[in-house]
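Each remark here refers to the structure printed beneath this line.
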Amino acid sequence: MAQPKKTIQIIHTDFTDSNQNEIPGASILTGNVQIEHDGVLINCNKLYFFEKENYAKAFGNVIMNQGDSIFMNSRYAEYNGNEKFAYASGEVVLRSPESTLTTDTLNFDRNIQQAYYNSYGTIINKDNTLKSKSGRYYLNEKKYQFLTAVTVTNPQCVIKSNHLDFYDNSGHAYVFGPSTITSKDNVIYTERGFYDTKKDLATLTKNSTIKYDNRLIKGDKIFYDRKRDFSSATDNVKITDTINKMIVRGHYAEVYKKQDSMFITKKALLSSLVENDSVYIHAKKLLVTGKQGERIIRGFNNARIYKIDMSGKCDSIHSDQKKGLTQLIGKPVLWNNESQMTGDVIHLIGNNKTEKLDSLKVLNNAFIVQKDTLGTGFNQVKGQDLFGKFKDNKLSTVDLVKNTEKIYYMYNDKNELEMIDKGVSSRIHLELEDNKIQTMTAFVDPKSDSYPPDQFPENARKLRGFVWRGDERIKSKDDIFPPEELALEAKILKESVAKDLENEKPMEATKETLEYGKPPKKEKAKAKNTKKK
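In our numbering, the protein residues as written are 1 to 533.
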């Protein structure tokens, strides 16, 4: 059944009068006027009370308060007791325990406990200042909602959005649509996100980026902690470092700005530009640390490297920018076009001034295999260590030292296989052109024999330790990923379809926001069943 409508009660007035010619149906109250209606008190200097309509107009220093928490001041106000609706104008100030709203006109619907304005307003919430053309305040939820341009300013940042929900007790802000969060250190862009203005934490879930001076972080979902200068990104992550000419991709990344470091996994790929040639590094986990010019890149588990004329695989990669040294550690193999090099450890040394490859070291059990392009055999050279020199990023000379051995296929001018040379020595020197062996010279007590092909059996054509890994060779940057990484990405992309649909609507307030400041709920004690023995 409908509840009977309560009437406006006159609590106090200094004078009462009426003028039916000028204000028909109204009583004119002046002086210290106070009226009450269903828990709302209104004080003013002058009031027109329309008793039959259950309606009042208040003038001069109007103060309206609901309970002990909501106070509204204005120069003029109207109140409809039947509709439980208030309108205020002229230097309107709405105060709650957490915030103060200043505007020119304000409407207050007590039935749904909402106040709204369309005449520009400023809200002060502790360290936050919010300004907008229009806004709505939900008293029960302690939430401001803005559907036009709004700006939130605090000592740490400035938030701008066209759709923002702000909870004034918790300081939590939810944005939807193109929005920016700008500070002295970075600029955050998102089209769906959450920001805790007290803790300086952000969760961004649609078309989001964080831009530093020289670094841009993108991802489907980004978490940001301003106090720790920490951010993490999930799914379709891309980190661009303009100073170091480096791009990092993956499906999960962590960035620690103060430590100048980042961690990437889930189809992680680092690409850097060196002398107009891109170098790609992949591993299950990539860790990049150090300032500009002192970068250290570490790749763990099934690490791989690729550039146009060179690629490699190993258990882990360690690259030191300052030293110009890249180490391939743990069962390393390096392909330089058609040449395959293996050893216990492989070092690539660059020249930081020219940004070109300078030299190569293969330490312990160095082995070079080059497939015979005219036949089915393999040119092979092995020794304890290998030292190579690059010219214009191409391997030009190679020296193998200590206990060296060789098998070399020799052709005539008609590209006919004439002899197969097999020998041992203390050192072997190779000259290469276009990454192909042109000459091979043995030094210090060389011993060599050459055999016609039909007199050299197949089982003697491979040196001890020979392993051809040509089927593992990485021939493009897309080949750098193992099958399990591609399968992981396919799964992530499939799951992202549902996330895209979710991102088309505003974020719902979290439990932390809705229950902020409320006392914890007490769990009901479970009754124990007791039985008499």
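Where a beta carbon is used, it is the ideal one built from N, C-alpha and C, also for glycine.
Mapping DSSP to helix, strand and coil, what is residue i?
i      : result
Ala527 : Below a pLDDT of 50, predicted positions are generally treated as unreliable, and Ala527, at 47, falls in that range; the measurement from the model is reported next regardless. Reduced to three states, the DSSP call for Ala527 is coil.
Asp104 : strand
Ile308 : coil
Lys402 : strand
Pro506 : coil
Gly388 : strand
Val497 : helix
Pro520 : coil
Ala73  : Sequence inspection shows Asn at residue 73; the Ala mentioned does not correspond to that position. In the structure shown, Asn73 sits in a strand (DSSP, three-state: E or B).
Ile23  : coil
Ala487 : helix
Ala460 : helix
Thr234 : strand
Asp434 : coil
Gln321 : coil
Pro549 : Given that the chain is displayed from residue 1 to residue 533, the structure contains no residue 549 and the question cannot be resolved.
Ile543 : For residue 543 there is no data in the structure shown, the boundaries of the chain being 1 and 533.
Please name the residue, chosen from the options, that lies closest to residue i on a Cα-to-Cα basis.
i      : options                        : result
Gly330 : Leu348, Ser316, Gly375, Asp320 : Ser316
Gly517 : Thr190, Tyr167, Asp449         : Tyr167
Ile159 : Ser183, Trp335, Leu101, Gln370 : Ser183
Ile402 : Tyr252, Ala366, Ser119         : It should be noted that the sequence gives Lys, not Ile, for residue 402. When only C-alpha atoms are compared, the closest one is Ala366.
Met440 : Leu417, Lys307, Thr397         : Thr397
Lys447 : Pro178, Glu405, Leu463, Leu357 : Glu405
Lys499 : Thr342, Lys477, Asn236         : Asn236
Glu355 : Gly293, Pro482, Ser476         : Gly293
Lys218 : Ile188, Tyr195, Thr102         : Ile188
Thr85  : Ala56, Gly290, Leu357          : A small fix is needed here, since residue 85 is Phe in this sequence, not Thr. Comparing Cα positions, the closest option is Ala56.
Gly423 : Lys436, Val444, Leu432, Gln438 : Val444
Ser89  : Gln113, Phe230, Phe108         : Phe108
Ser359 : Gln384, Asn379, Lys389         : Lys389
Asp372 : Asn351, Lys436, Ile346, Lys46  : Lys436
Asp385 : Phe378, Lys361, Tyr256         : Lys361
Asp344 : Leu486, Gly383, Leu357, Asn352 : Gly383
Tyr117 : Ala490, Ile23, Thr102          : Thr102
Ile70  : Ile35, Ala442, Arg110, Lys52   : Arg110
Ser99  : Lys142, Glu78, Ile23, Arg75    : Lys142
Ile8   : Pro97, Lys46, Lys52, Ser18     : Lys52
Looking only at DSSP bridge pairs, what is residue i linked to?
i      : result
Glu36  : Gln9, Leu41
Ala569 : Absent from the model: residue 569. The displayed extent of the chain is 1 to 533, so no value can be given.
Met262 : Val255, Val288
Ile346 : Leu328, Val362
Asp17  : Ile28
Asn336 : Met310, Ser339
Tyr117 : Gly135
Gln380 : Val369, Ile407
Lys211 : Val187, Leu216
Thr203 : Phe194, Phe223
Gln145 : Arg136, Asp165
Ile63  : Asn43, Asn73
Quick check: residue i and residue j, are their CB atoms within less than 7 Å of each other?
i      : j      : result
Val288 : Ile297 : yes
Ser272 : Met246 : yes
Gln20  : Val40  : no
Leu400 : Val369 : no
Thr122 : Lys131 : yes
Leu269 : Asn336 : no
Gly250 : Lys266 : yes
Arg304 : Ile480 : yes
Ile264 : Val248 : yes
Asn364 : Gly324 : no
Cys157 : Ile124 : no
Which residues in the same chain as residue i place their Cβ atom closer than 7 Å to its Cβ, once the five residues preceding and following it in sequence are excluded?
i      : result
Arg469 : Val333, Gln340
Asn302 : Ala283, Lys284, Pro482
Asn412 : Glu418
Thr197 : Asn128, Asn154, Gly171, Ala173
Gly177 : Ser161, Asn162, His163, Glu191
Thr242 : Asn214
Ile11  : Gln34, Ile35, Glu36
Under 6 Å Cβ to Cβ from residue i, same chain only, skipping five residues before and after it: list those, please.
i      : result
Thr513 : Tyr167, Ser170, His172
Phe50  : Gly25, Ala26
Thr190 : Ser179, Leu204, Ser208
Asp104 : Ser119
Ser278 : Ser271
Ser319 : Ile297, Thr326
Asn80  : Tyr55
Thr151 : Lys131, Lys160
Ile63  : Asn43, Asn73
Does the distance between the C-beta of residue i and the nearest non-hydrogen atom of the ligand SAM fall short of 6 Å?
i      : result
Gly343 : Judged by which ligands are present, the structure shown has none, so any question about the ligand SAM falls away.
For residue i, I'd like the list of residues in its chain whose CB is within less than 8 Å of its CB, leaving aside the five on either flank, ordered along the chain.
i      : result
Asn140 : Gln113
Lys475 : Ser311
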